[in-house]
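Note that the protein sequences, when read in sequence, are chains A and B. Position 44, counted from 1, in the first sequence is what this note's numbering calls 44; the numbers after and before it change by one each time, with no gaps. Position 156, counted from 1, in the second sequence is what this note's numbering calls 1156; the numbers after and before it change by one each time, with no gaps. Inspection log for the structure reproduced underneath, given as structure tokens.
Protein chains: 2
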Amino acid sequence: MPGTGLRVLITGADGFVGQGLVAALARPGMAAALLGAPLDVLLLADRTAGRMPAGLPARWKAGDLADPAYLASLTEDPLDLVFHLASLPGAAAEGQPELGAAVNLVASQHLALRLARQAREGGPVARVVFASSIAVLGRLGSDPVGDAHPPAPTLSYGAQKWMTEILLADLTRRGEVDAISLRLPGIVARPPGAGGFGSAFMSEIFHAARARTAYRCPVSPGATAWWMSRPTCVAALAHAARLDPARLPSGRSLLLPAFHAPVGAVIEALGAALGSEAVAGINFAPDAAIEALFGRLPPLVAERARAAGFQGDETAGQLVARCLADLDG
Amino acid sequence: MPGTGLRVLITGADGFVGQGLVAALARPGMAAALLGAPLDVLLLADRTAGRMPAGLPARWKAGDLADPAYLASLTEDPLDLVFHLASLPGAAAEGQPELGAAVNLVASQHLALRLARQAREGGPVARVVFASSIAVLGRLGSDPVGDAHPPAPTLSYGAQKWMTEILLADLTRRGEVDAISLRLPGIVARPPGAGGFGSAFMSEIFHAARARTAYRCPVSPGATAWWMSRPTCVAALAHAARLDPARLPSGRSLLLPAFHAPVGAVIEALGAALGSEAVAGINFAPDAAIEALFGRLPPLVAERARAAGFQGDETAGQLVARCLADLDG
């Protein structure tokens, strides 16, 4: 007899966000609380197996999402819930177009189409929580941006995320999956030296402050970004997993309530938390291209997400406190 | 030594629009006039080989676009120009989701990504003329619709066309293809009994009038549609093939200047051309679903396309005359 609990797949489970999600689920009693139902199966997918979380019905399955046989093996057994987090990030996808298309586009589509087939063949209609990106929006002006803002991606990564959103929305319309695409902002603090992210400075300032080292920040102190701590991101993913579809907009794509602030304000909050000498080594050497892409974000109006119960980091102090606690693990 | 002429691929070359395009190219002297340069190679692709056009350097290559090996064979040699017309139409794709995704989405992407690779490997940057569809727009209100109208497809076919537009626009931004997506309206008059088109009534009235037979039209006489004769569509495809990229909008998707008119007006023009007794057998049994999807199209403002030199059928009489001449072909 099948259990009554959830059969869950996490792709990109050993990535920055995936590790945070797995760790949150592994806290005693938290899996059922976060997902709204007990966990029967937790399939963890990534290129290499990560740490085995204690106390969870977890299994690592390592492989390359661009390999159709591997992808098929992930969807062999019925799935109720899929966190699709795997991707090749922006700058890396821009520089390796074949790999970017294979991972961000083709693999995402194969996964979505296989889940749709599962439903057509009488299996469950899987809730899919897709880690999309604000990169779908492209270059923004100075006016506040909301969910109605038309996407116009300026990176292949953004175009690939957008196309996946459209496919998931169409399969949702067909009743074959039940998807939510979260347009994630810059999640911090990523591990130091993580490649492929033009927005890496958003995390590097945390590491510089904690280590009290020098850091040349490639944007000016006034550069505004959309920030979200990893714990807040993980809470949003879990909220999306258990959310009543009636609370979701028909397009199923959501901007999250990221924290809109200049880099300088976050550095100031780091100084307040760690002592002003901790951030004394941070100086600024703005790169026009990085500043234009990641440092001129206008105010964000995430009304739909707030109405659906998603929360953000509401102050620089809260953002910094959550990130530091997360880094201290 | 390579020739100085164009190496051209037409997918869906044996479909309704494809046959019209091949026939137009085969008229003496017309290939160079329509494409703006002499034709060196014309590769014609479809599931089965069609008629061999006289006087052209043409070769049929039959196969299934969903077969990667076949698709690879089409892009083995360098291509300067691709008319990507092949697709599984709306109702058929909605009813056969695996096949629809394979043809309209996956095959289109493989083709686009292979052409991009051709450019990265030092080959030509191919002009791609993609037969997209007004199905990307989804249900429309009564306000006039222009190029800025945000897509919200209500059929998988429309979602698949839209995703392909986004990929082609991104590869164009990268400089790896040079694409134009034409959002085609209902092209008439398709062969009688063609399956898979909810909009088949737009063609069936022509066949009923020519044959002086009875026809139950599934929309009311007041149902408004966007019409385009096949000769006008073929002229638009050729115009797109030779158009200076500087005359194209950055998104590279265009609504064409289709003729906006009620079914009754087209039937009246058919009566004027063929005699009122020719249309006496046409009666109306409106189907709410078909009327809602294909019979409530608002006025169309195709400013960008007109500015770029695209033309439409400007009156019901012109539409009917061109379709009848085409059918008498």
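Cβ atoms here follow ideal geometry from the backbone N, Cα and C, with glycine treated the same way.
Residues of the region 107–122 of chain A with a Cβ closer than 8 Å to any Cβ of chain B, in chain order: Gln109, Leu113, Ala116, Arg117, Arg120. Here the region 1044–1054 of chain B makes contact with the region 1007–1021 of chain B; the two share three or more CB pairs at distances below 8 Å. Its Cα nearest to that of Asn104 of chain A, the residue A:Ser87 stands out among A:Ser87, A:Gln96, A:Leu115.
Beta bridge pairing from DSSP links Asn1283 of chain B with B:Arg1216. A contact is defined here as three or more CB-CB pairs under 8 Å, and the region 301–315 of chain A fails this definition with respect to the region 151–159 of chain A. An exposed status is given to Asp328 of chain A, since fewer than 16 other beta-carbon atoms sit within 10 Å of its beta-carbon. In the structure shown, Pro1245 of chain B adopts helical secondary structure according to DSSP, grouped into three states. Non-local beta-carbon contacts of Pro1097 of chain B in its own chain, meaning distances under 8 Å to residues more than five positions away in sequence, involve Ser1156 in chain order. For Leu270 of chain A, the closest alpha carbon among the candidates A:Leu248, A:Ala32, A:Ala325, A:Ala292 is that of A:Ala325.
Contact check for Arg1212 of chain B against Ala1278 of chain B passes: the beta carbons are separated by less than 8 Å. Look at Ala101 of chain A: its C-beta is under 8 Å from a C-beta on chain B. The beta carbon of Ser156 of chain A sits closer than 8 Å to some beta carbon of chain B.
Using a Cβ distance threshold of 8 Å, Met228 of chain A and Pro185 of chain A count as a contacting pair. Taken through DSSP and simplified to helix, strand or coil, Gly95 of chain A comes out as helix.
Taking Leu1237 of chain B as reference, the option from B:Ile1282, B:Ala1179, B:Ala1119, B:Ser1108 with the minimal CA-CA separation is B:Ala1179. For Asp170 of chain A, the closest Cβ of chain B is nearer than 8 Å. Within the region 108–140 of chain A, complete beta strand (DSSP E) segments of at least 3 residues are found at 127–133, given in chain order.
When the beta-carbon positions are compared, Phe284 of chain A and Ser220 of chain A come within less than 8 Å of each other. If one requires a minimum length of 3 residues, the beta strand (DSSP E) runs lying completely within the region 41–84 of chain A are 58–62, 81–84, in chain order. In chain order, Ser1203, Phe1206, His1207, Cys1323, Leu1327 place their CB closer than 7 Å to the CB of Ala1189 of chain B, counting only its own chain and leaving out the 5 sequence neighbours on each side. For the region 1286–1299 of chain B, there are no residues whose beta carbon sits under 9 Å from a beta carbon of chain A. In this structure, Leu39 of chain A sits away from Leu85 of chain A, with a CB-CB distance that is not shorter than 8 Å. In the DSSP annotation of this structure, Val320 of chain A is not part of any beta strand (DSSP E); the continuous alpha helix (DSSP H) holding it starts and ends at 316–328. Residue contact check for Ile166 of chain A against chain B: a CB pair falls below 8 Å.
With a cutoff of 8 Å on beta-carbon distance, Val41 of chain A and Ala119 of chain A are scored as not near each other. Here Met163 of chain A is not near Leu1182 of chain B, since their CB atoms are 8 Å or more apart. The beta carbon of Ala1054 of chain B sits closer than 8 Å to those of Ala1026, all from its chain and outside the five residues before and after it, given in chain order. The three-state reading of DSSP puts Arg1174 of chain B in coil, since its state is none of H, G, I, E or B. Assigned with DSSP and collapsed to three states, Leu9 of chain A falls in strand.
Cβ-Cβ distances below 7 Å link Leu21 of chain A to Ile10, Phe83, Val234, Leu237 in the same chain, with the five nearest sequence neighbours on each side left out; the list follows chain order. Between the alpha carbons of Ala200 of chain A and Arg216 of chain A lies a distance of about 12 Å. Taking CB atoms only, Ala225 of chain A has no neighbour in chain B less than 8 Å away.
Looking at the backbone, the Cα of Arg1174 of chain B and that of Ala1058 of chain B are separated by about 31 Å. Counting the other Cβ atoms within 10 Å of the Cβ of Arg1139 of chain B gives fewer than 16, which makes it exposed. Counting only residues of its own chain and dropping the five nearest sequence neighbours on each side, Gly1317 of chain B has a CB closer than 6 Å to the CB of Ala1269. For Leu35 of chain A, the enclosing alpha helix (DSSP H) covers residues 30–35.
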